[in-house]
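Residue numbers (my numbering), protein chains in the order written: chain A, -14 to 585; chain B, 750 to 1146. For every residue, glycine included, the Cβ atom is placed at its ideal position computed from N, Cα and C. Encoded as structure tokens, the structure appears first; notes follow it.
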Amino acid sequence: MTSLKDILSPFTAWKNVILEPVTIKDPINDRPGAARYRGFHKNDITKCIGCGTCEDICENEAIDMVPVEGIETKDGDSGLRPKIDYGRCCWCALCVDVCTTNSLSMSNEYKWIDTDPDNFRFIPGVDKKSWDDNEAGWKKPEPNYEFYGLKRAEMGELHPEERDHSFIEFIKGYSKQQAQEEADRCVECGICTATCPAHMGIPDYIRAIRNDDIEEGLRVLYETNPLPEICGRICTHKCESVCSIGHKGEPLSIRWLKRYIADQVESEHYKKILETENLVKNGKKVAIIGAGPSGLSAAYYLSLLGYECTIFEKLPEAGGMMRYGIPEYRLPYDQIDKDINYILSLGVEIRYNVNIGSDITLDQLHLDYDAVFAGTGLHLGRSTRIDGSDHENVYQSIELLRKITLGEEIHVAEKIVVIGGGNVAMDITRSLARLQKIKYGKVQTLATSLETEDKMPADREEVVEAREEGAIIDPGWAPQSIEIVDGKVKGLHVTQCLSLFDATGAFNPQCNLDNKKFFEADMVVESIGQGMDLGYISENIKDNLTMGPRGRIQVDKYFQTSLPWLFLGGDIIQGPDVIHGIANGHQAARGIDNYLNAKG
Amino acid sequence: MMKNSIFNISPDRSKYPEKDAEGNLMVDLDSQKYVKLWQGPQHPGVTGNMSLELTISGDEIIQAKTHVGYLHRGFEKLMERRKYIQCFPTCIRMCVAEPDYNEYNLAAGIEELSGIEVPEMAQWLRTLVLEMARLQSLLRVVPGQGGTFALGLGVQWGVYLRDLILDLFEELTGGRVYHMYILPGGVRGLLPDGFKKRMEETLKKIDEFVVNIDNLMFSNAVFKQRAKDVGIIQPEWIDQFGIVGPNARSAGFMRDVRKDYPYLVYDQLDFEPMTMNYSDIYNRARLRWHDLIMTVDLIRQIMAKIPETGDIKAPTPNVLHWKIPRNETYIRSESSRGEYGFYMVSDGTDKPRRINLRGPSYVHAISLLEHMLINANIADTAAIMVSLQTCPPEIER
Ligand code: SF4
Ligand code: SF4
Ligand code: SF4
């Protein structure tokens, strides 16, 4: 039954007439969004690298990557920036959380009135907005909140004590689980591909690893690189230095992933997987000088096009600097052979121990073949030319490395100083350290370079590993003289190096002569770069070649010289490194094909 | 339905319409005895875009048909074309009023299928947002029942307080309505500084609201007259129709996923969902009012017990190519309307093969409502519908 209370109690609501209204009078009373509010985007465009990962994750396709005036495409930066369409955006902020550089964030601004709908599509950070300086707004949550792994999958290595007295390969290679874990971290942005000299399809082969489709992975590798076992071990991996993931975490181990694919496939399956069982010959012949990376690469891609290739090699085995410059603990000979044997199996012929110039002339090759490619590399050592550098116990690293490969006995002193801070310097340092360990049971090798530690051209891991193996690396010193007493090397005098280049950018080291050091040694190795020997190019040919800057012969983008039948590539043109050589060889193969097709 | 009240002026119309030998209604629209009336899709008494096709005789409903199709966005299908992470902004839109249960179900499903353990801190924060979602929903629904009888004042109060909860959502998650807070592996942030204090201030205001709404609505002769003994859910219908949540509890059936299949940290919280044994509009509203009190209490318990800090997210595979092996699962959570479930099928790719929502409104707004409206007075249509707490976006996803 209806009670009196039920009639009266609703009237208690009248007490509300004395309360303050709660409605906000906007815009008279502004109400800013909360500190984490997901409002209009902001982008620090100097930090953004245009990787497009934000575009990838956006489920509404609200983001387009567009070119921006004043931002250049360069290594590690696509030059594009995200443009956001607020007719599509749902303010989920997944783009912010996934951003590889943390450049993208959101302001706490949620109000914006405009009569032109097109204005609601803009490039945050480029098109200036009133909220660009808002501190508040959504940022990627910290810490331990990531949409992908920032740490590398662990790579098995021989312990320094196991490896410091042996030339056994010390990087063990990824297991399937490690490789897939590592491959999972890739965001498929392709920033690496743009930087790789050979423009390898890196995100594609990494995807193949994730899908456990090794055959597809191998096909992707061979599209641009016929030496994957080699590159998978010793490539200078410029790709890794620009990898998007490297901005917040450790870059992908792209090189080891490449090696993982090649390691999984037995040689006998290559032809089937790569569909090279029935190559059709086109009846044309190409001579290639030097069985280094560029020559082998040219031979491989020319063979695919039907050319008959003959490589002329000065040394008893193929591989060039890869075999005679890089120590075995980094690149075992059987792996070099695996890559090369596959190329040879396509019908490529190598004539060993042939010196062009003396055994057969370049002019003769011109007569016998339709085109010639030369990738002869940098095999001459360079000297510092300081006092004492002509002593017999002062060596060139490149010669020592070659002798080690050839199995020749080399002089290994008890105390050694290496001059140089590049990868070759590290190779000789670590090789000599091993030989000292074997011979004397202890390591007394020291390497010094003009560059300070942060500017050393050698890969970081080379420096770290050299130290692990007992070598001392003491960078930042300029060699002054080698002290010789009673006809014996006593050591190296150095002074502190302040800078390498002058204001014009020319190489002109400046030293602090008050800060000196003396490195005791009875043997000195110079490793400050290599020179080329173009002696095989006869004078009459040379006269017809156009020269480019720094004494190099000029070539076009297909590595064709001013003599249309002669193509040059590899370290004598670009680099020095293996991957440039491979890229040059590939491009030259295209150039030779174009040239010979046009010639008919 | 006869009522023993001075306000009851409805004559007994139970002889209309006549039935044939099999008991089917014989509705001849040309007989001039019946009228077809559409309530909705644009109608203040309809929750969302849904419509009821009513056949009435006088002011009594003799047939009712629920029509949907005004809100279909194909979300379930869209999710089949999206990577798992991209399904989150889509799934939340399947229930506008309480998006968080979608986030939770989808994340929990992905985690179960991928074998991912969610850190404890994130479990507490997830529980918190799910209860906040319930709270803001009940703040509309409880006074909303008064609104169906033109008692709009409580709705104003509720909307205000709901906005204060949305303020807290905004602080915690960065969004007011679509929170995007629960993602696979965890959540997207710790409690901001001072959050607990502001939460308590708001909860105190809700304590007052609880008393005020009691005086305004539940001790209100008009509301009682309109809401009591109307829209009854018979206990035998519960399993017959698949009725869940408050609608089932008011009819004497303890149905609450938080108790029946505990998830997150509910087993560490002290609460006893109410049951009643007579389910009319009044009692269902009253039960939701009790739920509101219980939710406030649960949030206070969470605020007291939640760890100070901790990991908010477990490491997951890269969200851009997260593949889930072939499998299936059914994930459920208790929304303010009852069991809210996702049936999920994965096929080894980076996109779901199927995500099917089993929401309470599908039953409550279609089969149950159509049944309950027969012989109801057209003036009670909106009240009955709201008392079932139907949510069209969740029917049509
Ligand atoms: S906030 Fe969400 S919808 Fe908007 S651009 Fe970013 S990812 Fe796309
Ligand atoms: S993800 Fe970040 S760094 Fe990459 S393009 Fe987008 S905003 Fe720039
Ligand atoms: S390896 Fe790094 S740079 Fe290359 S696609 Fe993957 S994430 Fe991008």
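Assigned secondary structure, residue i (DSSP; H/G/I helix, E/B strand, else coil)
{"i": "A/Ile311", "result": "coil"}
{"i": "A/Asn28", "result": "strand"}
{"i": "B/His928", "result": "coil"}
{"i": "B/Val1135", "result": "helix"}
{"i": "A/Cys496", "result": "strand"}
{"i": "A/Phe132", "result": "coil"}
{"i": "A/Ile246", "result": "helix"}
{"i": "A/Arg587", "result": "Outside the displayed span of chain A (-14 to 585) sits residue 587 of chain A, for which this structure offers no information."}
{"i": "A/Glu146", "result": "helix"}
{"i": "A/Ile345", "result": "strand"}
{"i": "B/Asn1124", "result": "coil"}
{"i": "B/Leu1010", "result": "A small fix is needed here, since residue 1010 of chain B is Tyr in this sequence, not Leu. It is coil, neither helix nor strand."}
{"i": "A/Lys256", "result": "helix"}
{"i": "A/Arg370", "result": "coil"}
CB contact below 8 Å: residue i versus chain B
{"i": "A/Leu79", "result": "yes"}
{"i": "A/Ser(-6)", "result": "yes"}
{"i": "A/Glu260", "result": "no"}
{"i": "A/Tyr130", "result": "yes"}
{"i": "A/Thr86", "result": "no"}
{"i": "A/Gly555", "result": "no"}
{"i": "A/Val428", "result": "no"}
{"i": "A/Gly134", "result": "yes"}
{"i": "A/Tyr22", "result": "yes"}
{"i": "A/Ala(-2)", "result": "yes"}
{"i": "A/Trp462", "result": "no"}
{"i": "A/Trp123", "result": "yes"}
{"i": "A/Asp541", "result": "no"}
{"i": "A/Arg535", "result": "no"}
CB contact check: residue i to chain A, cutoff 8 Å
{"i": "B/Ile1123", "result": "no"}
{"i": "B/Asn816", "result": "The sequence given here places His at residue 816 of chain B; Asn does not occur at that position. No, no contact with chain A."}
{"i": "B/Gly1097", "result": "no"}
{"i": "B/Leu855", "result": "no"}
{"i": "B/Ala1132", "result": "no"}
{"i": "B/Val1157", "result": "The structure shown does not extend to residue 1157 of chain B, since chain B spans only 750 to 1146, so no value can be given for it."}
{"i": "B/Ser909", "result": "According to the sequence provided, residue 909 of chain B is Tyr. The question's Ser does not apply to it. Answer yes: the Cβ-Cβ gap between B/Tyr909 and chain A drops below 8 Å somewhere."}
{"i": "B/Arg1035", "result": "no"}
{"i": "B/Gln835", "result": "yes"}
{"i": "B/Gly923", "result": "yes"}
{"i": "B/Ile1061", "result": "yes"}
{"i": "B/Leu952", "result": "no"}
{"i": "B/Gly938", "result": "yes"}
{"i": "B/Pro941", "result": "yes"}
Where residue i falls, given that 16 or more other Cβ within 10 Å makes a residue buried
{"i": "A/Gly55", "result": "exposed"}
{"i": "A/Ile3", "result": "exposed"}
{"i": "B/Gly924", "result": "buried"}
{"i": "A/Val379", "result": "buried"}
{"i": "B/Leu1040", "result": "The amino acid occupying residue 1040 of chain B in the given sequence is Asp; Leu does not appear at that position. Burial call: buried."}
Proximal residues of chain B, C-beta to C-beta of residue i below 8 Å
{"i": "A/Cys75", "result": "Pro838, Tyr927"}
{"i": "A/Thr(-13)", "result": "Ala970, Lys973, Gln974"}
Proximal chain B residues relative to residue i, where beta-carbon distance stays under 7 Å
{"i": "A/Pro17", "result": "Going along chain B, no residue has its Cβ under 7 Å from A/Pro17, so there is no contact; the nearest lies around 11 Å."}
{"i": "A/Glu44", "result": "Arg831, Gln835, Pro838, Thr839"}
Chain B contact residues for residue i, given Cβ-Cβ distances below 9 Å
{"i": "A/Asn579", "result": "By Cβ distance, chain B contributes nothing, its closest Cβ being about 38 Å from A/Asn579, past 9 Å."}
{"i": "A/Asp169", "result": "Pro1066, Asn1067, His1070, Trp1071"}
Within chain A, partners of residue i - CB distance below 9 Å
{"i": "B/Lys946", "result": "The premise fails here: B/Lys946 is roughly 15 Å from chain A at the closest Cβ pair, so nothing lies under 9 Å."}
{"i": "B/Asn1032", "result": "Chain A residues near B/Asn1032: none, gap ~16 Å exceeds 9 Å."}
Contacts of residue i in chain A (Cβ-Cβ under 8 Å)
{"i": "B/Asn964", "result": "Ser(-6), Pro(-5), Thr(-3), Ala(-2)"}
Worksheet item: Three or more C-beta pairs closer than 8 Å, one from the segment 243 to 261 of chain A and one from the segment 343 to 361 of chain A: is that the case here?
Response: Not touching, per the Cβ criterion.
Worksheet item: Do the segment 486 to 502 of chain A and the segment 401 to 416 of chain A meet, that is, are 3 or more Cβ pairs less than 8 Å apart?
Response: Using a Cβ-Cβ distance cut-off of 8 Å, the segment 486 to 502 of chain A and the segment 401 to 416 of chain A are not in contact, since fewer than three pairs of beta carbons, one from each stretch, lie closer than that value.
Practice prompt. Taking 8 Å as the threshold, find out whether the segment 500 to 513 of chain A comes into contact with the segment 540 to 547 of chain A through three or more Cβ pairs.
Written response: Three or more beta-carbon pairs separated by less than 8 Å are not found between the segment 500 to 513 of chain A and the segment 540 to 547 of chain A, which leaves the two stretches without contact.
Discussion item. Using a Cβ distance threshold of 8 Å, determine whether the segment 1069 to 1089 of chain B contacts the segment 174 to 187 of chain A, with at least three qualifying pairs required.
Written reply: No, they do not touch.
Worksheet item: If you pair each beta-carbon of the segment 36 to 50 of chain A with each one of the segment 835 to 848 of chain B, do three or more pairs fall below 8 Å?
Response: Under the 8 Å Cβ criterion, the segment 36 to 50 of chain A counts as touching the segment 835 to 848 of chain B, having at least three qualifying pairs.
Fill in: At least 3 beta-carbon pairs within less than 8 Å: the segment 259 to 267 of chain A vs the segment 226 to 234 of chain A
Output reads no: the segment 226 to 234 of chain A does not touch the segment 259 to 267 of chain A.
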